[in-house]
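K.L.:
Numbered per this note's numbering, the sequence shown spans residues 608 to 948. Before I ask anything, let me first share the structure, which is written out below as structure tokens.
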Amino acid sequence: MGKKKADSDRSELAPGLVVKTKKRLVVAAGSSHPDLAHAVAGHLGTELVPTEHRVFASGEILTRFEVSIRGCDIFLIQSFGPPVNEWMMEMLIMLDAAKRASAKRITVVAPYYPYSRQDKKGRGREPISARLVADLFKTAGADRVMSVDLHAAQIQGFFDGPVDHLFAKPVLLEYFQEMLSPEDRAKLTVVSPDTGRVRVADQWSDSLDAPLAIIHKRRDPNVANQVTVNDIVGNVAGRVCLLVDDMIDTGGTIVKAAQALKAHGAERVIVAATHAVFSAPAAERLQDASIDEVVVTDTIPLPEEKRFPGLTILPIAPLLARAIKEVFEDGSVTSMFNGDA
Numbered sequence: 608m609g610k611k612k613a614d615s616d617r618s619e620l621a622p623g624l625v626v627k628t629k630k631r632l633v634v635a636a637g638s639s640h641p642d643l644a645h646a647v648a649g650h651l652g653t654e655l656v657p658t659e660h661r662v663f664a665s666g667e668i669l670t671r672f673e674v675s676i677r678g679c680d681i682f683l684i685q686s687f688g689p690p691v692n693e694w695m696m697e698m699l700i701m702l703d704a705a706k707r708a709s710a711k712r713i714t715v716v717a718p719y720y721p722y723s724r725q726d727k728k729g730r731g732r733e734p735i736s737a738r739l740v741a742d743l744f745k746t747a748g749a750d751r752v753m754s755v756d757l758h759a760a761q762i763q764g765f766f767d768g769p770v771d772h773l774f775a776k777p778v779l780l781e782y783f784q785e786m787l788s789p790e791d792r793a794k795l796t797v798v799s800p801d802t803g804r805v806r807v808a809d810q811w812s813d814s815l816d817a818p819l820a821i822i823h824k825r826r827d828p829n830v831a832n833q834v835t836v837n838d839i840v841g842n843v844a845g846r847v848c849l850l851v852d853d854m855i856d857t858g859g860t861i862v863k864a865a866q867a868l869k870a871h872g873a874e875r876v877i878v879a880a881t882h883a884v885f886s887a888p889a890a891e892r893l894q895d896a897s898i899d900e901v902v903v904t905d906t907i908p909l910p911e912e913k914r915f916p917g918l919t920i921l922p923i924a925p926l927l928a929r930a931i932k933e934v935f936e937d938g939s940v941t942s943m944f945n946g947d948a
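Printed below as a string of structure tokens:
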């Protein structure tokens with residue numbers, strides 16, 4: 608009778624279960640910009656997660672996913688236009704709901720990042736609210752954040768996890784390459800509305816093979832939304848000037864810049880911006896005779912009363928959908944922007 612083999616020689620598999628799991632991408636949205644959310648889902652070839660949004664008589668918000676999202680890679684879309692604080696609270700509650708529903712990974716898709724201009728202390732005893740927002744997202748359950756044209760790229764450093772910083776430039780650039788005539792292209796000058804946007808304007812200058820001009824402005828630190836244009840660096844006389852900025856809030860900076868350009872002999876002034884915040888009285892200001900066209904994207908919903916002749920709104924959904932797909936498939940977001948992201 609042979610010896611019994613030692614237990615270590617047994618070749619059978621340990622008892623257990625074989626489960627075949629697959630990654631699952633789902634897209635849900637807050638209440639702030641349903642048109643954009645549906646457009647993103649459509650470009651991805653899916654539908655939004657059925658979600659219940661309720662506001663009680665007391666003003667408290669309830670969000671509930673009506674189907675299971677357990678184990679899903681969920682992308683929560685919320686655009687933080689006005690009323691920003693209401694949309695912020697709704698997003699935090701959605702994050703908590705997704706975390707408690709056992710989503711595998713949660714990504715906040717915030718086309719316009721809230722409080723992005725409060726990214727540093729300009730005076731003593733001021734908050735850094737952009738950092739606070741990052742902390743709130745993380746605490747509520749966000750694993751990742753995706754946004755378009757942050758007011759300052761350094762905001763990415765406020766997060767411990769990955770940040771996908773997208774750029775609207777390809778969307779805007781394609782429009783101008785198609786719409787500007789050869790005569791306009793020959794006379795084109797890219798203009799930075801202030802020294803803080805010079806790097807971005809310089810990239811536009813390279814892409815359009817056009818010279819660069821810079822407007823030097825001064826703000827009163829004690830008075831919000833008050834701007835004084837001091838000087839223009841560069842030749843703009845007889846030129847088609849393309850003013851590029853990340854956002855337009857009340858429109859004061861852009862209008863004064865356009866007026867200064869026309870006063871220095873500019874033939875036409877076209878404004879290009881990613882985020883159309885358009886706080887009052889921006890819509891009225893932007894119809895100033897010094898501005899010939901305003902081109903923005905739809906990162907923020909614009910009601911009819913904020914629209915006007917001469918305004919062009921470009922869709923950002925294809926860009927967001929492609930970035931979401933790259934993240935989900937462990938692809939490269941950087942490749943979308945020639946290595947700049």
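A virtual CB, placed ideally from N, CA and C, is assigned to each residue, including glycine. As the structure is a computational prediction, the values presented were derived from the model and not from experiment.
(1) Within this structure, are the beta carbons of Pro718 and Val755 separated by less than 8 Å?
(2) Return the Cβ separation of Ile855 and Val876 in integer angstroms, given the expectation that the two are a contact with Cβ distance under 8 Å.
(3) Rounded to whole angstroms, what is the Cα-Cα separation between Gln784 and Ala808?
(4) Starting from Asp742, trace the alpha helix (DSSP H) in both directions and tell me its first and last residue.
(5) Tell me the rounded alpha-carbon separation between Val843 and Val647.
(6) Where does Ala793 sit, in a helix, a strand or coil, going by DSSP?
(7) In three-state DSSP terms, what is Thr563?
(8) Helix, strand or coil for Glu654? Go by DSSP, reduced to three states.
(9) So the candidates are Ile681, Val878 and Gly652; which of them puts its Cα closest to the Cα of Thr658?
(10) Is it true that the CB of Ala924 sits closer than 8 Å to the CB of His650?
(11) Between the segment 691-704 and the segment 744-759, do three or more beta carbon pairs fall short of 8 Å?
(12) If you measure between the beta carbons of Ile762 and Ser799, is that distance less than 8 Å?
(13) Measuring CB atoms only, is the segment 882-897 touching the segment 668-676, in the sense that at least three cross pairs come out at less than 8 Å?
(14) With DSSP run on the structure shown, which of helix, strand or coil describes Ser799?
(15) Can you tell me whether Phe663 is buried or exposed? The criterion is at least 16 other CB atoms within 10 Å of its CB, across all chains shown.
(16) How many whole angstroms separate the CB atoms of Arg712 and Arg751, which I take to be in contact at a CB cut-off of 8 Å?
(17) Based on the DSSP secondary-structure assignment, which residues constitute the bridge partners of Thr919?
(18) Whole angstroms is fine: what's the gap from Val740's alpha carbon to Lys627's?
(19) Distance, Cα to Cα, Tyr722 vs Pro818?
(20) Which complete alpha helix (DSSP H) runs does the segment 666-701 hold, if anything under 4 residues is left out?
(21) Within the same chain, show all residues whose beta-carbon is closer than 8 Å to that of Ala705, passing over the 5 residues directly before and after it, in chain order.
(22) Please identify the residue among Pro908, Asp905, Gln894 and Thr904 whose C-alpha is closest to the C-alpha of Pro916.
(23) Compare the Cα-Cα distances from Pro689 to each of Ile920, Pro910, Lys794 and Glu654 and report the closest residue.
(24) For Met753, does the count of other Cβ atoms within 10 angstroms reach 16, so buried, or fall short, so exposed?
(25) So, at 6 Å on beta carbons, what are the nonlocal neighbours of Thr919 in its own chain, with the 5 sequence-adjacent residues on each side left out?
(26) Can you tell which of Leu632, Arg732, Leu849 and Val934 has the C-alpha that lies nearest to the C-alpha of Tyr782?
(27) Report the option in Asp801, Lys863, Leu927 and Ser812 whose CA atom is closest to the CA atom of Asp852.
(28) Going by DSSP in three states, Thr941 sits in which element: helix, strand or coil?
(29) Does DSSP put Asp813 in a helix, in a strand, or in coil?
(30) Starting from the C-beta of Leu624, find all residues in its chain whose C-beta is less than 6 Å away, skip the five residues before and the five after it, and write them out in chain order.
P.N.:
Based on what the coordinates show:
(1) One-based indexing of the sequence shown puts residue 718 at position 111. One-based indexing of the sequence shown puts residue 755 at position 148. A contact, by the Cβ cut-off of 8 Å.
(2) On the sequence shown, residue 855 is found 248 positions in, with the first residue counted as 1. On the sequence shown, residue 876 is found 269 positions in, with the first residue counted as 1. Going by Cβ atoms, the distance from Ile855 to Val876 rounds to 14 Å, so no, they are not a contact pair.
(3) In the sequence shown, residue 784 corresponds to position 177, counting from 1. In the sequence shown, residue 808 corresponds to position 201, counting from 1. Taking C-alpha positions only, Gln784 is separated from Ala808 by approximately 16 Å.
(4) In the sequence shown, the residue the question calls residue 742 occupies position 135. Note, Asp742: alpha helix (DSSP H), Ser736 to Ala747.
(5) Locating residue 843 in the sequence shown gives position 236, where the first residue counts as 1. Locating residue 647 in the sequence shown gives position 40, where the first residue counts as 1. If I take the Cα positions, the gap works out to 39 Å.
(6) For this step, residue 793 is matched to residue 186 along the sequence shown. Looking at Ala793 - three-state DSSP - the assignment turns out to be helix.
(7) Only positions 608 to 948 of the chain appear in this structure, which leaves residue 563 out of reach.
(8) Taking the first residue of the sequence shown as 1, we reach residue 654 at position 47. Annotated three-state conformation of Glu654 is coil, per DSSP.
(9) Working through the sequence shown from its first residue, we reach residue 658 at position 51. Thr658 has its Cα closest to that of Ile681, out of Ile681, Val878 and Gly652.
(10) What you label residue 650 is simply residue 43 of the sequence shown in a count that begins at 1. What you label residue 924 is simply residue 317 of the sequence shown in a count that begins at 1. Yes. Within cutoff.
(11) Taking a cut-off of 8 Å on C-beta distances, the segment 691-704 touches the segment 744-759, as three or more cross pairs fall below it.
(12) Counting from one through the sequence shown, the residue named residue 762 turns up at place 155. Counting from one through the sequence shown, the residue named residue 799 turns up at place 192. The answer is no: Cβ separation not under 8 Å.
(13) no
(14) Position 192 of the sequence shown, counting from 1, holds the residue named residue 799. Three-state DSSP puts Ser799 in a strand.
(15) The residue labelled residue 663 in the question sits at position 56 within the sequence shown. Exposed, by the Cβ-count rule.
(16) The sequence position of residue 712 within the sequence shown is 105, counting from 1. The sequence position of residue 751 within the sequence shown is 144, counting from 1. Separation of the CB atoms of Arg712 and Arg751 is rounded to 7 Å, and the pair is thereby assigned contact status at 8 Å.
(17) Indexing the sequence shown from 1 puts residue 919 at position 312. According to DSSP, Thr919 bridges with Val902.
(18) Counted from its first residue, the sequence shown places residue 740 at position 133. Counted from its first residue, the sequence shown places residue 627 at position 20. Their Cα atoms are separated by approximately 38 Å.
(19) Reading the sequence shown from its first residue, position 115 is the one you call residue 722. Reading the sequence shown from its first residue, position 211 is the one you call residue 818. Distance between the alpha carbons of Tyr722 and Pro818: 33 Å.
(20) none
(21) Position 98 of the sequence shown, counted from the start, is the residue given in the question as residue 705. Closer than 8 Å at Cβ, skipping near neighbours: Ala635, Phe672, Ile676, Ile681, Leu683, Ile713 and Gly748.
(22) Locating residue 916 in the sequence shown gives position 309, counting from the first residue. The shortest Cα separation from Pro916 among Pro908, Asp905, Gln894 and Thr904 belongs to Gln894.
(23) What you label residue 689 is simply residue 82 of the sequence shown in a count that begins at 1. Checked all of Ile920, Pro910, Lys794 and Glu654; the closest Cα to Pro689 is Pro910.
(24) Translated into positions along the sequence shown, residue 753 becomes position 146. Buried: at least 16 other Cβ atoms inside 10 Å.
(25) Here residue 919 is taken as the residue at index 312 of the sequence shown, counted from 1. These residues qualify, in order along the chain: Val902.
(26) As a working mapping, residue 782 is identified with position 175 in the sequence shown. Closest by alpha carbon: Leu849.
(27) Sequence index remark: in the sequence shown, residue 852 carries index 245 (1-based). Ranking the options by Cα distance to Asp852, first place goes to Asp801.
(28) Position 334 of the sequence shown, counted from the start, is the residue given in the question as residue 941. Residue state, collapsed to three classes: helix.
(29) In the sequence shown, the residue the question calls residue 813 occupies position 206. Residue state, collapsed to three classes: helix.
(30) Along the sequence shown, one-based indexing puts residue 624 at 17. Excluding sequence positions up to five before and after Leu624, its CB lies less than 6 Å from no other CB in the same chain.
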